[in-house]
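Note sheet for the following structure.
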Amino acid sequence: MNPITTSLVVAAAIFASAMAGLVLHSRLPSHHLTKETQDVVRLGTGMLSVLASLVLGLLIATAKTSYDTTDQAIRGYATELVLLDETFRDYGDTAAVPRNLLRQYTTQLLADFWPKDGSRPAVLDSQMTGAMLEHIREAIRALRPVDEGQTWLQNQALQISTNLLRQRWLMIEQAGTKIQPMVVVVLVLWIAFIFATFALNAPRNATVVAAFLVCSLAIGGSIYLILEMDSPLNGTMKLSDWPVTNALAHMQP
């Protein structure tokens, strides 16, 4: 779901339902607008408002958790990249090949997750980038340690590369969307009904219309924030590439 388009559609739908309620008030027979009828409608609307508030809060919490989890995963991944590079440094000049492959892999990871062309979405599961990580592991296995220290460093590098492989897939899964479109649709329908019932009992003037417009835009804005946080590597709120960029800077010869 495109966050901007979806939020505008949501705001328009809610505002339209409110306007429909204002129009419907003047066309309903008088016995549909009695105090007893309004009390029943108000009671049902109150229950639905509570449900809508709970669902909206759940969506915000889910999106924020996904956003923060992905941010932590990226920072942890960048840390592992630096640790692997330091291991190659300690191993010596004979680890130049896997170290160079690691720099190439990190550069490609930046290009996949944070493309310079802003119109292109992030590529989370590039097969080429995954193959580059496997090539690093093969280069580590090809090392021929000459003493116990290099043997330990080789084993350490293999362990870190295994962690990178596992964390890469965890990061890919965590960066995916968690919000189901049907949940958003149902929530918007509830809110649209609530606004329509509010409008049935509201006075007909410009102030009321303006209030409904502002509230509709506010709810549309909340949906926009939810969808943006649910896609942490795309959109205007995408996570910073600083951790990986900083890791790449530490890898320079």
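Residue 3 is where the sequence shown starts when you use this note's numbering, and the numbers rise one by one after that.
Glycine included, C-beta positions come from ideal geometry on N, C-alpha and C.
Since the model is a prediction, treat every value here as computed from it, not as a measurement.
- In this structure the stretch 225–236 lies against the stretch 59–77, because at least three pairs of beta carbons, one per stretch, are closer than 8 Å.
- T164 and V190 have their C-alpha atoms some 44 Å from each other.
- With 16 or more other Cβ atoms inside 10 Å of its own Cβ, E230 counts as buried.
- For the pair A22 and A212, the CB atoms are not nearer than the 7 Å cut-off.
- It is roughly 23 Å from the alpha-carbon of L250 to the alpha-carbon of M239.
- In this structure, the beta-carbon distance from T89 to Q161 does not fall below 7 Å.
- A Cβ-Cβ contact shorter than 7 Å links D92 with L155.
- Considering only I221, S224, N203, A208, the residue with the shortest C-alpha distance to K37 is N203.
- If the five residues before and after A65 are omitted, its C-beta is found closer than 6 Å to the C-beta atoms of I228, M231, D232, all from its own chain and listed in chain order.
- Residue range 98–115 is occupied by the alpha helix (DSSP H) that includes D114.
- The Cβ atoms of I193 and I16 lie closer than 7 Å to each other.
- Taking every protein chain shown into account, the CB of V186 has 16 or more other CB atoms within 10 angstroms, so this residue is buried.
- In the three-state reduction of the DSSP assignment, I76 falls in the helix class.
- Straight-line spacing of the CA atoms in Q152 and P100 works out to 14 Å.
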